[in-house]
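Peer 1: The listed protein sequences correspond, in order, to chains P and H. Per our numbering, residue 6 is the first one in the first sequence, and the count goes up by one each step. Per our numbering, residue 6 is the first one in the second sequence, and the count goes up by one each step. Handing you this structure, nothing more for now.
Protein chains: 2
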Amino acid sequence: MARAATTTDAFNAVAEPRRRQILDLLAGGERPVNDLVAALGLAQPQVSKHLRVLREVGLVEVRDDGRQRLYRLNATPLRPIYDWVRAYERAWSARFDRLDMVLEELKQEERNDERDGETDDR
Amino acid sequence: MARAATTTDAFNAVAEPRRRQILDLLAGGERPVNDLVAALGLAQPQVSKHLRVLREVGLVEVRDDGRQRLYRLNATPLRPIYDWVRAYERAWSARFDRLDMVLEELKQEERNDERDGETDDR
DNA sequence: TTGACACATGCCCATATGGGAATACAATCG
DNA sequence: CGATTGTATTCCCATATGGGCATGTGTCAA
């Protein structure tokens with residue numbers, strides 16, 4: 006199997022920076038494609054393609070207006086992402102854990118130094 | 006250009022469900038690879054590969070313990086994701102917007118019905 | 001009708017994925 | 001030492017990406 010399609014879910018769709026930018030722009034309100042093209046400095050076809058992906062995961066919705074197509078944001082599919090990351094909020098703000106980790110690392114380094122001289126992973 | 010590497014940033018790394026699972030498991034504490042292999046029901050090499058990606062974006066850290074390698078979570082790189090999605094929190098909880106959208110859609114459908122009979126996009 | 005404008009799609013290509021399978025490496029055991 | 005256990009790396013492959021570019025489609029104007 007290859008990598009999951011970008012249209013699989015919001016996680017995949019939003020992994021692409023340009024698509025995040027598009028959503029950010031749409032957060033300001035409904036916009037026609039050309040507006041986005043101008044704002045993104047991307048070629049029109051690519052923008053349309055990104056919009057397609059976003060549409061397929063439900064992150065944007067379209068509305069016809071004359072010869073324009075007005076895209077609007079629908080943030081709902083972002084919820085799973087939010088819910089998932091939010092659970093980690095404590096983890097990165099927890100400096101206590103950090104302390105434990107530092108202590109363990111020191112202990113580990115000592116042990117390595119006893120055996121050999123410097124391992125330097127990564 | 007092809008799709009951005011999974012190791013580009015946390016957004017890309019975390020787009021893969023298995024990697025999210027791994028992080029979820031590590032949230033419970035440090036674990037050796039085989040533990041994860043068992044928990045995930047995946048082959049060991051694939052787990053190691055996923056761990057590599059996570060390591061490269063800084064989401065996990067390793068520590069040698071005898072012949073095992075203990076992986077631990079480092080949630081910090083998740084922050085950008087959190088910060089980005091959080092901005093949309095209001096968007097999906099805002100039912101007012103919904104109302105506007107529904108109204109506009111109705112208006113639009115009427116207009117379409119006048120012109121032709123049913124377009125049914127998507 | 002023709003033409004211009006706003007978008008969407010199709011095609012080509014380099015790239016990297018994630019899984020499977022085999023193998024390399026490291027540390028410990030006997 | 002050789003054997004075994006715990007992980008990492010390599011190779012193979014089907015798949016889909018995202019950008020560039022050309023073209024199709026729909027709408028409005030003259």
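Even glycine gets a Cβ: it sits at the ideal position worked out from N, Cα and C.
Sort H/Asp-70, H/Tyr-93, H/Arg-8, H/Val-38 by Cα distance to H/His-55 and report the nearest one.
Peer 2: Residue H/Val-38 is the option with its Cα nearest to H/His-55.
Peer 1: Provide the residue span of the beta strand (DSSP E) that contains H/Tyr-76, from first to last.
Peer 2: Residues 73-78.
Peer 1: Kindly indicate which three-state DSSP category P/Val-67 falls into: helix, strand or coil?
Peer 2: If DSSP states are grouped into helix, strand and coil, P/Val-67 belongs with the strands.
Peer 1: If you drop the 5 nearest sequence neighbours on each side, which residues of the same chain put their C-beta closer than 7 angstroms to that of H/Gln-26?
Peer 2: Cβ neighbours of H/Gln-26 beyond the five flanking positions: Leu-45.
Peer 1: Using a Cβ-based criterion (distance less than 7 angstroms to any ligand heavy atom), does P/Val-90 qualify as near the ligand PLP?
Peer 2: Looking for the ligand PLP in the displayed structure turns up nothing, as the structure carries no ligands at all.
Peer 1: Should H/Glu-119 be flagged as near chain P, meaning a C-beta pair shorter than 8 angstroms?
Peer 2: Here H/Glu-119 scores only 33 on pLDDT, less than 50, and its place in the model should not be relied on; the value that follows carries that caveat. Taking Cβ atoms only, chain P never reaches closer than 8 angstroms to H/Glu-119, which makes this a no.
Peer 1: In the DSSP assignment, find the unbroken alpha helix (DSSP H) run with P/Leu-30 in it and report its ends.
Peer 2: It spans 22-31 - the alpha helix (DSSP H) in which P/Leu-30 sits, taken as one unbroken run.
Peer 1: Using a threshold of 8 angstroms, state whether the C-beta atoms of P/Glu-66 and P/Arg-84 are closer than that.
Peer 2: Going by C-beta atoms, P/Glu-66 is not nearer than 8 angstroms to P/Arg-84.
Peer 1: Should H/Pro-82 be labelled buried (16 or more other beta-carbon atoms within 10 Å of its own) or exposed?
Peer 2: Buried, since its Cβ has 16 or more Cβ neighbours within 10 Å.
Peer 1: Looking at the structure shown, is H/Arg-36 part of a helix, part of a strand, or coil, going by DSSP?
Peer 2: Note: H/Arg-36 maps to strand in three-state DSSP.
Peer 1: Going by CA-CA distance only, name the one from P/Arg-91, P/Arg-74, P/Asn-79 that's closest to P/Val-42.
Peer 2: Ranking P/Arg-91, P/Arg-74, P/Asn-79 by Cα distance to P/Val-42 puts P/Arg-74 first.
Peer 1: Are there 16 or more other CB atoms within 10 angstroms of the CB of P/Arg-103, so buried, or fewer, so exposed?
Peer 2: Note that P/Arg-103 scores a pLDDT of 49, beneath 50, so its modelled location is shaky; the value from the coordinates is reported in the next line. Answer is exposed; the Cβ neighbour count stays below 16.
Peer 1: Is H/Val-42 helix, strand or coil when you go by DSSP?
Peer 2: In the structure shown, H/Val-42 sits in a helix (DSSP, three-state: H, G or I).
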